[in-house]
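Participant:
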Amino acid sequence: MEMQKQKPPRKKNKIITKRKVLSATMSGTLLMTSVVIPTAYSLLSNQITAQAAALNIDLLQNITSSNNSGTSTTNRWTSNSGSHNVDFTISGHALANVSLLSGPRYAALAIPQELRGYVVANGNTSVTTNLTIDFNQIALINAIVSAGDTFVAGVATILGNNPLASINLTEVTTQLNLLKGIQNIGGGTFTSPTTLNGNSMLSAPLNDGMGAILSQNVTAILQNLRTAVNSLTATGLAAPAANTALALIKPPLITAIDAVLVPLVNGTGGILDLLLNASALGDTSITIPTKITAPTTIASNIDAKFVGSAVQTNLLDVNILSGADGISYVYLAGDVNLTLVAPTGNLSATTSAIGASDATATLPATLKNNAGTDIPVTSVITNSSGTTVNNGQLSAGTYTVTYSAAGYSSVTQTLVVTDPADTTAPDAPIVTSVTGNSTNGYTVTGTAEPNSTITIKNGAGATVGTATTQPNGSYSVNLPGSVGANAPLNVTAADAAGNVSNPTPTTTPADPINPVLVAPTGNLTATTSAIGATDETATLATTLKNSEGADVPVASVITNSSGATVTNGQLSAGTYTVTYSASSYDDVTQTLVVTDPADTTAPDAPTVGNVTGNSTNGYTVTGTAEPGSTVTIKDGSGATVGTGTANQTGDYTVTLPGSVGPNAPISVTATDAAGNVSDPTPATTPADPVSPVLVAPTGNLSATTSAIGAADGMATLPATLKDSEGADVPVTAVITNASGSAVTNGNLAAGTYTVTYTSGGYEDVTQTLVVTDPADTTAPDAPTVGDVTGNSTNGYTVTGTAEPGSTVTIKDGSGATVGTGTANETGDYTVTLPGSVGPNAPISVTATDVAGNVSDPTPAKTPADPDTIAPKAPTVKNVTGNSSKGYTVTGTAEPGSTVTIKDGSGATVGTGTANEAGAYTVTLPGSVGPNAPISVTATDAAGNVSAPTSAKTPADPKAPSDTTAPNPPSVDTVTGNTDTGYTVGGKGEPGSTITIKNPATGEVLGTTIVDKDGNYSIKLPTGVKPGTQLTATATDAAGNVSDPTDFIIPALTSGVAIGNSGDNMGGKYFSSGKLPATNGADTGWLGVIGTVILSLLGSLLFWRKNKKEDES
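Counting along the sequence shown from 1, when you hit position 390 you're at 390 in the UniProt record's numbering, and nothing is skipped either side.
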């Protein structure tokens, strides 16, 4: 083990690095630090407290406990399951208020009554802790400090007498400071033997391990101090004189150090006991190893409560541990209880007639239990509302049969009662009226059996209309006008069982004799005043003939294709509807077609701005014409030699072949979209130049870039061209792009360019240069599929990303293309698929670039169609429990569904989830109550809720009468005085009533109820005097009264503890069992007070002895 001391705040005071541990049983790290204890600490030797059981013996606060048994309320050991190695770990923190008491320290674990005789120690107890010591409590240490202070003062005197000398006291004062006041002496891990005491407790002594830590660290300090004193020498010019004087003052300090160091190293003189009595535990973890053997039989489930703590006391009884908070449980299962086996399947019964309430179900008189024995049972039938109904008075519906037997939890079965099959046809329907005509159709009304289906057939037997009667039997059926006037009909009614009534014959009415308007035949036409005008007025009829030939005045409304009304006289070209109306007549309509007038105006003759070129290289004609018109140029013989189109501003450019010749007459015309041709504009080609001309190269030049998208194409350009006389002429070449900007050869990207060749004395000639990228053979990356949404009814939408501009193709599992789309400039695509692709269908998505390269496919899948089908109603296998501990409902439901249980008011009282096999278990609070109706539903992942299954909680079992009196309460503290009244505190059976009496007078001085943690506090009336003997009893809910606990009001009550003369009272204490060295029964309050008095006398004698030694 290594130890390390923390640096004090003074400079250059590093004094402890690494040392070996003295005790072979210790491991870990010992840490020596100087700390200031908070003012909340009480380190007074004569202090009396009344905390933690009978005395303030707890060494830690905030104690917790755990174990590694692996058991829980749902995972219990079974009887006769053998031995189990279980480690109990007890953890706690340093007390905020510390009393330094004498006596041994123990780690202790109380064994619950149910497992006494089944728990043994399984090795040494392991303790990890750190210690704090109050050196002020140790006279021999104070003697060293006093001698040290005298020594330091002597050094100051020597230096005053020898100013030319120097003495470094740093190490001496550093070590002396470590022996002053309260110090954190360090921490470590040690082991201690574990002892079983009377089957009720395991304990391990702590003093030896704590002593090893204390001995090692204090020895190190004293050895360092002794070495520092012995090696202390003066330097400087006056060193000889100073060292002579220094040698004279060292012995008293060395003697004081040796008075502690020698017996401490030799283990004599009781020094270690003094150190232990002045020390306190800091944060601590204790592990007690045990072996627990499960009993061979266990009547019922056991929650075995183990309580652990660390204590310091001369009187260690199992009872005093009950105040500790270090509780952990080991859970054991009771032997298998007998249960009724619920019948499988549903019961069934049938009424005597539809709607009758007379069905009798055959119910079993016995059921098997889980041991296979027939058990007589009683049966109760309840309806879906939980109301009890009589067997023999059952109507159609679903019921719950609850089977009960003494000593068993009830089980249930579903009973389904049905009506007999319906074979009776309904009565023939009644026809009240038939109205309408052959134009607008007919309506048939009447009455028939409620909720029956009405079918109307024509004379040929074809169905022409159907409907369902209302709950009151009325019906109304619409028939088409095609049935005709005066047509025979048959009306029948079919009930829910499919029985069809006899037909009721009837006839449609004759059509009315009233005349109708006769719609005009053919379309109306009208023409606007000019192309694009909105000024046309249509000539509309003011009268129409009726069906009898009479003229009927009509009003007219014109509507456009959108149904909006338009004004006659403001009509533009288009198609309209004219609606004619007359009172007492149905409207009739006619189509109106409005057109613009024909275009017969020729465009203006085009202008000719310029004619350039020659007979070698051809000619270019430029000018203006009507925008969008076709410009045609003909030679003198009338042959067309060139065409072009005027742009939106009217400009045109037309090239002519050189064969037209120089000085040749040409004519230029413009033709509009209607085919009208302008007058010709004459022009003439220019004369050829007298000097020779350059001959433009024929065909296009070509070049290729190094890669797709590269701008490094290099065209091979001619350095000479032929002129018209055949001579080679050196030329320079300039390349321009489509915008007319010059570009550098060698920096050409894919595209079309113009190469202009120039030579002095010649007109320029041009040639087209086409630069292409190399063939693209690289397939795009496989597209991503971001989402697939939709369903088989409305189709699906697939979204994702692919190479920008690529074509996205989606195929189904058979390889058929089911959708395509194009990725936009950012690569996003959206493709819709038809619903016929189907749910959960595999699809593959590919991207094809402009070069035709196809990516690898990306697989995806269409989503499942939404689930709209509710699960089947869950089954209820068993409902067990009672109103005290709650209920457990088990059964089966759709796997993965949420099982919801509601009470009779519809409030949810429990939920659970069915496992993969469909089994579920749901716990309900006891507040649901016995014999309470419950309904159980299953909700699937899509939110569909099943029909409810009814069940009922079982009746509460009759509790056996309680005749056992509670344990006597403890009286732990009495505070206060006669004038203000005393307060008595202690422990008792939770829920019991504590009564404090004066046995001499029989007067009841106070009562209270013990809380759920077993604590009580009673304020006594004023006037009760010190020395008065009182009794405390506990009365449980059944009226059983405990034996009395006697106690006396003390003279001083500032935190005085009162011993408990009673036995175990449950919540906090364990009964019987004593730790080693106690070996007797509980000593009672007299023994406790005697112990306190002896401790006080011992402390007083020790103080007087120390005082005399100090004075001497």
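Every residue gets a Cβ at the ideal spot worked out from N, C-alpha and C, and that includes glycine. Keep in mind the model is a prediction, meaning the values are calculated, not measured.
Within the same chain, show all residues whose beta-carbon is closer than 7 Å to that of residue 378, passing over the 5 residues directly before and after it, in chain order.
Facilitator: Within the same chain, and ignoring the five residues on either side of residue 378 in sequence, the residues whose Cβ sits closer than 7 Å to its Cβ are 404.
Participant: Give the single residue among 1050, 1031, 1048 whose Cα lies nearest to the Cα of residue 1041.
Facilitator: 1031
Participant: Specify the secondary structure class of residue 313 as computed by DSSP and reduced to three states.
Facilitator: coil
Participant: So for residue 714, helix, strand or coil by DSSP?
Facilitator: Residue 714: coil per DSSP, three-state reduction.
Participant: Between residue 668 and the rest of its own chain, which residues show a CB-CB distance below 6 Å, the 5 nearest in sequence each way excluded?
Facilitator: 606, 608, 633, 681
Participant: Starting from the C-beta of residue 918, find all residues in its chain whose C-beta is less than 7 Å away, skip the five residues before and the five after it, and write them out in chain order.
Facilitator: 892, 893, 894, 895
Participant: Under 7 Å Cβ to Cβ from residue 44, same chain only, skipping five residues before and after it: list those, please.
Facilitator: The predicted position of residue 44 is uncertain, since its pLDDT is 24 and thus under 50; no value can be drawn from it.
Participant: In the DSSP assignment, the beta strand (DSSP E) including residue 294 goes from what residue to what residue?
Facilitator: It is not in any beta strand (DSSP E) - residue 294 carries neither H nor E in the DSSP assignment.
Participant: For residue 648 versus residue 701, is the C-beta distance shorter than 8 Å?
Facilitator: No, Cβ-Cβ distance for residue 648 and residue 701 is not below 8 Å.
Participant: For residue 252 versus residue 147, is the C-beta spacing smaller than 8 Å?
Facilitator: yes
Participant: Does the segment 583-594 touch the segment 511-521, meaning 3 or more C-beta pairs lie closer than 8 Å?
Facilitator: yes
Participant: For residue 577 and residue 560, I'd like the C-alpha separation in whole angstroms.
Facilitator: 6 Å
Participant: What residues are listed by DSSP as bridge partners for residue 861?
Facilitator: 842
Participant: Determine, using beta-carbon pairs with one atom in the segment 447-458 and one in the segment 420-427, whether at least three such pairs fall under 8 Å.
Facilitator: yes
Participant: If you check the beta carbons only, do residue 620 and residue 612 fall under 8 Å apart?
Facilitator: yes
Participant: Helix, strand or coil, according to DSSP, for residue 994 in the structure here?
Facilitator: strand
Participant: Checking 8 Å against the spacing of the C-beta atoms, do residue 837 and residue 865 come in under that value?
Facilitator: no
Participant: Measuring alpha carbon to alpha carbon, tell me which of 773, 735, 867 ends up nearest residue 756.
Facilitator: 735
Participant: Is residue 352 helix, strand or coil when you go by DSSP?
Facilitator: coil
Participant: At 3 residues or longer, and completely inside the segment 491-576: list those beta strand (DSSP E) runs for me, N to C.
Facilitator: 504-507, 524-527, 543-545, 551-553, 555-559
Participant: Decide if residue 693 is buried, meaning its Cβ has at least 16 other Cβ atoms within 10 Å, or exposed.
Facilitator: Around the C-beta of residue 693, 16 or more other C-beta atoms lie within 10 Å, and the residue is accordingly described as buried.
Participant: How big is the Cα-Cα spacing for residue 992 and residue 1047?
Facilitator: 19 Å
Participant: Whole angstroms is fine: what's the gap from residue 418's alpha carbon to residue 331's?
Facilitator: In this structure, the straight-line span from the alpha carbon of residue 418 to that of residue 331 is close to 50 Å.
Participant: The alpha helix (DSSP H) that contains residue 105, what's its start and end?
Facilitator: First-last for residue 105: 105-110, but that is the beta strand (DSSP E), not the alpha helix (DSSP H).
Participant: Rounded to a whole number of angstroms, what is the C-alpha to C-alpha distance between residue 375 and residue 1010?
Facilitator: 43 Å
Participant: Within the same chain, show all residues whose beta-carbon is closer than 7 Å to that of residue 795, passing over the 5 residues directly before and after it, in chain order.
Facilitator: Excluding positions up to five away in sequence, the list reads 832, 833, 834, 835.
Participant: Which partner residues does residue 1141 have in the DSSP bridge list?
Facilitator: What the structure shows of the chain is the stretch from 1 to 1112, and residue 1141 is not part of that stretch, so it cannot be assessed.
Participant: Can you tell me where the beta strand (DSSP E) with residue 613 in it begins and where it stops?
Facilitator: 607-614
Participant: Please classify residue 928: is it buried, with 16 or more other beta-carbons within 10 angstroms of its beta-carbon, or exposed?
Facilitator: buried
Participant: Using DSSP's beta-bridge definition, name the partner residues of residue 61.
Facilitator: DSSP lists 93 as partners of residue 61.
Participant: Since residue 1047 is in the beta strand (DSSP E), which residue starts that stretch and which ends it?
Facilitator: 1045-1048
Participant: Between which two residues does the alpha helix (DSSP H) harbouring residue 209 extend?
Facilitator: 207-230
Participant: Could you check whether the segment 870-885 touches the segment 935-946, counting it as contact only if at least three pairs of C-beta atoms, one from each stretch, sit closer than 8 Å?
Facilitator: yes
Participant: For residue 873, which of helix, strand or coil comes out of DSSP?
Facilitator: coil
Participant: What alpha helix (DSSP H) runs, 4 residues minimum, are completely inside the segment 133-191?
Facilitator: With a minimum length of 4 residues, the continuous alpha helix (DSSP H) runs that stay inside the segment 133-191 are 139-161, 170-177.
Participant: In terms of alpha-carbon separation, which member of 126, 216, 821, 144 lies closest to residue 192?
Facilitator: 126
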